[in-house]
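Shown next, in structure tokens, is the structure this report addresses.
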Amino acid sequence: MTYLYPKEVIVIKQGKCVVKPDRNIWLDIAEGYHEQWQFPNCLGAIDGKHVLMQAPPKSGSRFHNYKGTFSIILLACVDANYKFVLVDIGAEGHNSDGGVFKNSIFGQSLEKGTLDLPCPVEIPGTTKMLPFLFIGMKLSL
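Note that the UniProt record's numbering numbers the sequence shown so that position 38 is 38, with each residue one more than the last.
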């Protein structure tokens, strides 16, 4: 699957570039999860990863993480083929994945209900209406 994004949906804020999928793109992503992984109504898998770095001068403990090293955090949401859908890069290593998510454009948009997510649909083979969801680690918000 290839996703084409018009330039007008790219949001640039404080050096972060986030592509904001529309309802049709979310439905394509969900179809990919259903076809490839037999997981209906999934809009993406979310996780964070610490990227090791040398501490910037005079940064104190801002980038110091729980493993005792220095890092920035890459938080990503991927489709069924592991392609990035949304990313947040550069949070200081002392933050938790949940804190990074909560403060990201993605997390704030999800909280505000501005992600243009699809409405709940009937799960194939049932009469149950279920909402779309994201899978990932437990986020301590």
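We put the CB at the ideal spot given by N, CA and C, even for glycine.
Cβ-Cβ separation, residue j to residue i (assumed contact under 8 Å), whole Å
i     : j      : result
PHE63 : GLY93  : 4 Å
ALA45 : GLY107 : Actually they do not touch by this definition, with Cβ atoms about 15 Å apart.
TRP26 : LEU117 : 6 Å
Neighbourhood of residue i by C-beta distance below 6 Å, restricted to the same chain and skipping five residues each side
i     : result
VAL51 : SER71, ILE72, LEU74
ILE89 : LEU74
Beta-carbon spacing of residue i, residue j below 8 Å
i     : j      : result
ALA91 : VAL85  : no
PRO40 : PRO124 : yes
GLY32 : ASN103 : no
LEU43 : LEU110 : no
Residue interval of the alpha helix (DSSP H) (run including residue i)
i      : result
ASN101 : Residue identity differs from the one stated: residue 101 is Phe in this sequence, not Asn. Segment 97-103, the alpha helix (DSSP H) holding PHE101.
Terminal residues of the beta strand (DSSP E) in which residue i lies
i     : result
SER71 : 71-78
Sequence-distant residues of its chain with Cβ nearer than 8 Å to residue i (five each side left out)
i     : result
ASN65 : HIS50, SER71, GLY93, HIS94
- Could you pull out every unbroken beta strand (DSSP E) segment of at least 3 residues lying fully inside the stretch 13-56, listed in chain order? 16-19, 42-52
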